[in-house]
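Numbering (the UniProt record's numbering), first residue to last: 1 to 407. Everything on this sheet refers to the single structure shown next.
Here's what the structure looks like:
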């Protein structure tokens, strides 16, 4: 009985050795075996390894042959209803078809041996869900490295195409945008081309033992709530579309500083006449510097007049579009809830790509229900130097004009 059990266990061991490495002569055979094992037919043409090498190769063999989902795109996604498709990918099929028209020629030139539609579905899934490349690889039946390569290619291509999706209105288009803002509310703020605000995107704090890239200061990424983040500065029109995006700045920076460092902020603060139509401006909260092109509310110290309070209400009711746009962006693309990426340079690419996809959805009437994003109230940096005299005078004139419509 005992000899039978030993024989069976030894057969299993030798069979495993044969599967792992069949080009070596069995060490057990070379060293000699008891007659009980030699008489066994299981020794014929069977190879073996030492016990340590056997266990290591067996574990490696199991690791490199993971079970994956087959035909997820070809069968499961194909049979999804439109409602299920949008739940999982956060976009409609029409929006993805539009994206294929724009990005298809660029992806066709890549060396990834996958179909264009599958590459875009992988990319959209990455943006719409908080999954790692290992999880995406298992779902789409590809290698982890292939998932990373597909996503990186799509991010770079979206950066090249961002000028098509995120455009600053000029000429007749700018006049139409101003008219749409005037029709948003009964007491709409006059002369508005867009609304600006900042949004914090949670990230993985920079690793202190960075060896591949140069080290980064962890403290500059922690915002006022001690959460590591990067900033998204967005300017939104009346249709909730982004007309300018500046992203990737460390979370410890003030909104006003980010605005001054952005290209559009420098043009607005320098009163560039080619940026805005005559007597027009953008709206911001109290964190932004007051100028002739940027209108902000009066600071409420408890002694505001009725006219100034009405001015603040009108400004806030028109500026809410940027908070609504941030809310839809944040809820549609779950990747923005926490970007656990090692390369911090990718944070800006991911945010810009999400804004481009958001604009595509707006054009395709692919709406998404979400609560407005509420930005934390920051202390105003407005002072006698930051607030230009022209800005103060223009705000007072607008306040007097709006006060005529109070009753």
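Glycine included, each C-beta is placed from N, C-alpha and C at the ideal position. If you're wondering where the values come from, they're calculated on a predicted model, not measured in any experiment.
By the C-beta density criterion, residue 305 is exposed, having fewer than 16 other C-beta atoms within 10 angstroms. Between residue 297 and the set 391, 156 and 222, the nearest pair of CA atoms involves 391. For residue 250, the enclosing beta strand (DSSP E) has its first and last residue at 242-250. Within the same chain, Cβ atoms closer than 8 Å to the Cβ of residue 149 are found at 112, the five residues on either side in sequence being excluded. Note: residue 226 is not bridge-paired with any residue in the DSSP secondary-structure output. Taking each of 129, 166, 325 and 371 in turn and checking the Cα distance to residue 244, the smallest one comes out for 166. With 16 or more other CB atoms across the displayed protein chains lying within 10 angstroms of its CB, residue 330 is buried. Taking a cut-off of 8 Å for Cβ pairs, the region 151-165 and the region 219-229 do not touch, as fewer than three such pairs fall below it. Looking at the DSSP output, residue 194 sits in a beta bridge with 282. In the structure shown, residue 95 falls within a helical segment according to DSSP collapsed to helix, strand and coil.
Within a 10 Å sphere around the beta-carbon of residue 401 sit fewer than 16 other beta-carbons, which makes this residue exposed. With a minimum length of 4 residues, the unbroken runs of alpha helix (DSSP H) contained wholly in the region 134-218 fall at 144-165 and 172-182. Taken atom to atom, the span from the alpha-carbon of residue 130 to that of residue 95 is near 21 Å.
Just so you know, the alpha carbons of residue 371 and residue 321 end up roughly 12 Å apart. Between residue 235 and residue 294, the CB-CB gap reaches or exceeds 8 Å. Beta-bridge annotation (DSSP): residue 234 is paired with 197 and 245. Counting the other Cβ atoms within 10 Å of the Cβ of residue 374 gives fewer than 16, which makes it exposed. Within 10 angstroms of the beta-carbon of residue 199 lie 16 or more other beta-carbons, which makes it buried. About 5 Å separates the beta carbons of residue 347 and residue 248, which is inside the 8 Å limit, making them a contact pair. In this structure, DSSP gives residue 295 an extended state, which the three-state scheme calls strand. For residue 119, the uninterrupted alpha helix (DSSP H) run begins and ends at 116-128, by DSSP. For residue 339, the secondary structure class from DSSP, reduced to helix, strand or coil, is strand.
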